[in-house]
Amino acid sequence: MTDTETKTAPASPFWRFSLQFYRQAAVADACIALQEQSGVDVNLLLFLLWQATQQRAFSPDEVAALEARIGPWREATVVPLRAVRRALKSPPALVAPATAEAFRARIKAVELESERLQQEAMYELTRSGAPLGSAAGSPDDAACASVKAYATMRGVAFAKPAVETLLAAFTTLHGRGE
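Residue numbers (this note's numbering): 950 to 1127.
Written out as structure tokens, the structure reads:
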């Protein structure tokens, strides 16, 4: 994720948080590890962390309800685009390598736009009435509770090093007031 890859619409506070959070050291690797090892939707994880900055924590049932809302978009857009982008890392020899890489870069931009659209739709969920989740004692408490709830909802144990990396980065980011 980089700021320069999507400039088509004003960014929501959630998208801005995601860009700031994702660019911190080791965060991208931790997110990808959770995605690959535990089936985590990184956008959903980022949403839970963004809500934690507002001291909102989610239960497994609330995470499941969010997943039910956003899963169809992810499965119809993000996942297929990611699969094409990854397949093009080692493209068939039909086209020149430089041409294939340029095409892969375009697919990556469209994939990122599909993720941004998912995040913008998720942001709109926060604007439609009562606050989501429940009040937590602190942003750190909310982050820990929501990540644990997500793992419970998925029925898997998230890799401890990845979770520790994300929670430390979360503390660093919200500690700076960003």
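We put the beta carbon where it would ideally sit given N, CA and C, even for glycine.
Extent of the continuous alpha helix (DSSP H) run through residue i
{"i": "G1082", "result": "No alpha helix (DSSP H) holds G1082; DSSP gives it neither H nor E."}
{"i": "V1059", "result": "P1046 to L1074"}
{"i": "S967", "result": "P962 to Y971"}
{"i": "K1097", "result": "P1088 to R1103"}
{"i": "T1121", "result": "K1109 to G1124"}
{"i": "V986", "result": "In the sequence as displayed, the identity of residue 986 is Gln instead of Val. Counting along the chain, the alpha helix (DSSP H) containing Q986 begins and ends at V976 to S987."}
{"i": "G1020", "result": "P1009 to W1022"}
{"i": "P1143", "result": "Because the chain spans 950 through 1127 in this model, residue 1143 falls outside it and cannot be assessed."}
Sequence-distant residues of its chain with Cβ nearer than 7 angstroms to residue i (five each side left out)
{"i": "K1057", "result": "R1034"}
{"i": "A979", "result": "A1111, T1114 and L1115"}
{"i": "A1092", "result": "L998, A1001, L1116 and F1119"}
Short Cβ contact (8 angstroms threshold) for residue i with residue j
{"i": "L1081", "j": "R1005", "result": "yes"}
{"i": "L995", "j": "A1108", "result": "no"}
{"i": "V1096", "j": "L997", "result": "yes"}
{"i": "A1054", "j": "P1040", "result": "no"}
{"i": "E1060", "j": "L1037", "result": "no"}
{"i": "T1026", "j": "H1123", "result": "no"}
Same chain, Cβ closer than 6 angstroms to residue i, five either side skipped, listed in chain order
{"i": "A1098", "result": "F1007, S1008, P1009 and V1012"}
{"i": "W1022", "result": "Q1067"}
{"i": "M1102", "result": "P1009, V1012 and A1013"}
{"i": "P1046", "result": "none"}
{"i": "F966", "result": "W999"}
{"i": "S961", "result": "E1069 and Y1072"}
{"i": "V989", "result": "L983"}
Cβ-Cβ separation, residue j to residue i (assumed contact under 8 angstroms), whole Å
{"i": "A1118", "j": "F970", "result": "7 angstroms"}
{"i": "L993", "j": "L1015", "result": "6 angstroms"}
{"i": "T1120", "j": "D1090", "result": "That belief does not hold up - the Cβ atoms of T1120 and D1090 are roughly 11 angstroms apart, past 8 angstroms."}
Close beta carbons around residue i, own chain, < 8 angstroms, minus the five adjacent residues each side
{"i": "T1075", "result": "F963, Q1000 and L1081"}
{"i": "V1044", "result": "F1052"}
With 16 other Cβ atoms within 10 Å as the buried cut-off, status of residue i
{"i": "E1064", "result": "buried"}
{"i": "A1042", "result": "exposed"}
{"i": "V991", "result": "buried"}
{"i": "I1019", "result": "buried"}
{"i": "A1085", "result": "buried"}
{"i": "T953", "result": "A caution first: T953 carries a pLDDT of 42, below 50, which makes its placement in the model too unreliable to give a value."}
{"i": "A1079", "result": "exposed"}
{"i": "S1077", "result": "exposed"}
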